[in-house]
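Participant: Just so you know, we're using the numbering used here here: the sequence shown kicks off at -7 and counts up by one.
The beta carbon of each residue, even a glycine, is placed where N, CA and C say it ideally should be.
The model shown is predicted, which means the values in this text are computed figures rather than measured ones.
Starting off with a structure, shown below.
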Amino acid sequence: MNVKTAHVRSFGCQMNKLDTNLVANALARAGFKFTSRASEADVVLVNTCSVRSHAEERVFSLLGHLKHIKKSKKGLIVAVFGCMAQRLGKELLEHEAVNIVCGPAQLPQLVGLVSKAMENKAGAVAVSSNIRSKHRWEEFNALDDFECAYDSALGETPRQAYVRIMHGCDNFCAYCVVPYVRGPEVSRAPETIIEQIRKLAESGIKQVTLLGQKVNAYRYTAGDRTYGLADLLYMVSDVDGIEWIRFVTGHPKNFGVEIFEAMAELPKVCPYLHVPAQSGSDRILKAMNRGYTCAEYLELLDKARAIVPTIAIAGDFIVGFPGESEEDFEATVKLVKRAEYKNCFVFKYSPRPGTRAEDKLIDDVPMEVKKRRNTELLAIQEQISARSNKKFLGQKVKVLVEGMSKKSHLNSTEKPDQPQLIGRTATDYIVVFNGPVELAGRFVDVKITRTSALTLFGELDNG
Ligand code: SAM
Ligand code: SF4
């Protein structure tokens, strides 16, 4: 039999990493081999992101490159899947490079579409025609089966897996495309999630990260019982073999304290919270349709810290949202200074077609102002992190090792059998140290000898 070769690329968030992993496993099970070079592949699959225009531009630049490859390799099949596929649908098929367009809800069909296109060379589009309907039960059930059948450790991090607990989002933040490309909020049944995690644990998984756009909004009703995220944390904690449990992303609105109580009570639940604020200005938060004020957000952080004193908190911010004045930005700076994040992600506002902000508001903050605010906010956070990380000096921390550090060549003390490894603490701090590569996927103790704003450096503590 002629073995087919696939090249898979992934853009975007953790949800996309999970989807890419599922697709890669489905391809492997269908007999495909993988190559890191698009030019050597029979099929190129691209998982796409629509959250900012830059993410879409990167995909179009890759498609341009694939168009060139196709000139000398006529039979090459290119499949575009994920959020951009759902957003642009058959419009994407007009691109010379593209043969298959497959939305996030149609992933179970993707390998079949690829095989068919290899035979008949015809184009195919599979996207949801009514993405906002909650009644696409066939699609949701097929996704459940697909996820359970193909979930595994993520390629780059042994013994760690992502598990989706809910699809979509109903929040409609004014700037955000997610509700239009990932559909409505639908929580998966707890028994399906637990069954999936049990299987992952049996295959050697030690850490699961529960994924959703607003994980604290997880709700599933079966009979007269409704399950929330806290219930799920108790259930996952009971799975033998799972040692660390994380969840992302939290939404500041309706964040029940029972989630922090579960975190405090359950040793397996990592004391880490990613809860984006987006802005420190109440005026902007209202225009963004976020559903909370800056004071309510800070109250939430205080509650989290009171119940889980060891908790580390990360945030997201958008700078340059329409109408954001210097005063609004100063309010955001004030919030960042007060919040004492472990780290935060800052994005320049990017108008997204179909969203309320793009439709109703003018993108009136000039790019150079967005850039300046972005740099300024990151610099403030960097100072906070650099200062705060010093508390780790001389301390021993427990780390789940991910693998070799990508920057290992920078390490002058590196010995061939002790390359530079990278791992994370339960609180999500990045730790870099030297050790044998066989430690990937294991828990180790590291004594911290040096810190920077982004990283803790140390030595393996074998004692
Ligand atoms: N569901 C999560 C939440 O509500 O916080 C985050 C989802 S979104 C995929 C990840 C981050 O991208 C957001 O927290 C936001 O900061 C940023 N983002 C979303 N839409 C954006 C836009 N149009 N322009 C710039 N940043 C955006
Ligand atoms: Fe987008 Fe807001 Fe939903 Fe997050 S909560 S996915 S930012 S609409």
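Do VAL93 and GLY81 have their beta-carbon atoms positioned less than 8 Å apart in this structure?
Facilitator: yes
Participant: Do PHE132 and VAL178 count as a contact pair if the criterion is CB distance below 8 Å?
Facilitator: Closer than 8 Å, so yes.
Participant: Between GLN410 and the rest of its own chain, which residues show a CB-CB distance below 7 Å, the 5 nearest in sequence each way excluded?
Facilitator: For GLN410, where only same-chain residues beyond five positions count, the Cβ hits under 7 Å are ASN426, GLY427 and PRO428.
Participant: By a C-beta neighbour count over all protein chains shown, 10 Å radius and 16 as the cutoff for buried, is GLN98 buried or exposed?
Facilitator: buried
Participant: If we ignore side chains and look at the alpha-carbon of each, how far apart do PHE384 and PHE164 end up?
Facilitator: A direct Cα-Cα distance of roughly 40 Å separates PHE384 from PHE164.
Participant: Can you name, in chain order, every residue of its own chain whose Cβ lies under 8 Å from the Cβ of THR419, other than the five neighbours on each side?
Facilitator: CYS262, PRO263, TYR264, THR302, ILE303, ALA304 and LYS334
Participant: Once DSSP output is grouped into helix, strand and coil, what is the label at ASN17?
Facilitator: It is helical.
Participant: Under a criterion of Cβ closer than 6 Å to any non-hydrogen atom of the ligand SF4, which residues qualify, in chain order?
Facilitator: Taking each Cβ in turn, the ones that pass are CYS161, ASN163, PHE164, CYS165, CYS168, VAL170, PRO171, GLN205, LYS206 and HIS243.
Participant: Just list the residues that DSSP pairs ASP437 with in beta bridges.
Facilitator: LYS390
Participant: Shortest alpha-carbon distance to GLU253 belongs to which of LYS295, SER125, LEU290 and GLU291?
Facilitator: LYS295
Participant: Compute the Euclidean distance between the alpha carbons of LEU292 and GLY307, then round it to the nearest angstrom.
Facilitator: LEU292 and GLY307: Cα-Cα distance of roughly 13 Å.
Participant: Write down every uninterrupted run of the beta strand (DSSP E) in the segment 168 to 244 whose length is 3 residues or greater and which is fully enclosed by it, in chain order.
Facilitator: 199 to 203, 212 to 214, 217 to 219 and 236 to 240
Participant: Is it buried or exposed for PRO345, if we count other Cβ within 10 angstroms and need 16 for buried?
Facilitator: exposed
Participant: Could you give the distance in angstroms between the alpha-carbon of ASP351 and the alpha-carbon of ALA166?
Facilitator: Their Cα atoms are separated by approximately 9 Å.
Participant: Would you kindly check if the distance between the Cβ of VAL170 and the Cβ of CYS161 is under 8 Å?
Facilitator: yes
Participant: Keeping to the same chain, check which residues put their C-beta closer than 7 Å to that of THR285; ignore five residues upstream and five downstream.
Facilitator: ASP274 and LEU277
Participant: Less than 8 Å between the C-beta atoms of ILE197 and ARG180, yes or no?
Facilitator: no
Participant: From the DSSP output, which residues share a beta bridge with CYS94?
Facilitator: PHE73 and ALA118
Participant: Span of the beta strand (DSSP E) holding THR(-3)?
Facilitator: Start and end: -3 to 2.
Participant: Less than 6 Å between C-beta atoms, sequence neighbours within five positions excluded: which residues of the same chain meet that for VAL173?
Facilitator: SER42, CYS75, GLN78 and ARG79
Participant: Between the C-alpha atoms of SER377 and GLU322, what's the straight-line distance to the nearest angstrom?
Facilitator: If you draw a straight line from the Cα of SER377 to the Cα of GLU322, it is about 19 Å long.
Participant: GLU91 to ILE69, Cα distance in whole Å?
Facilitator: Here the sequence assigns Asn to residue 91, which means Glu is not the residue at that position. Cα to Cα, ASN91 sits roughly 6 Å from ILE69.
Participant: Could you work out which residue in LYS108, THR447 and GLY23 is closest to THR(-3) when comparing CA atoms only?
Facilitator: Nearest C-alpha to THR(-3): GLY23.
Participant: So is the beta-carbon of PHE425 under 7 Å away from any non-hydrogen atom of the ligand SAM?
Facilitator: False, no ligand heavy atom lies under 7 Å from that Cβ.
Participant: Roughly how many angstroms separate the alpha carbons of ASP320 and MET255, rounded to a whole number?
Facilitator: 34 Å
Participant: Under the three-state reduction of DSSP, which class applies to LYS260: helix, strand or coil?
Facilitator: coil
Participant: With 16 as the cutoff for other CB atoms within 10 Å, does PRO96 come out buried or exposed?
Facilitator: buried
Participant: On the three-state DSSP scale, how would you describe VAL51?
Facilitator: Looking at VAL51 - three-state DSSP - the assignment turns out to be helix.
Participant: For TYR142 versus ASN17, is the C-beta spacing smaller than 8 Å?
Facilitator: Contact check for TYR142 against ASN17 passes: the beta carbons are separated by less than 8 Å.
Participant: I'd like to confirm something about ILE276: is its beta-carbon nearer than 7 Å to some heavy atom of the ligand NAP, or not?
Facilitator: The ligand NAP is not part of this structure, which contains only the ligand SAM and the ligand SF4.
Participant: Using the beta-carbon count (16 or more within 10 Å), is VAL(-5) buried or exposed?
Facilitator: Counting Cβ neighbours within 10 Å, VAL(-5) comes out exposed, since fewer than 16 surround it.
Participant: Under 7 Å from any heavy atom of the ligand SAM, does the C-beta of ILE310 make it?
Facilitator: In this structure, ILE310 has its CB closer than 7 Å to one or more heavy atoms of the ligand SAM.
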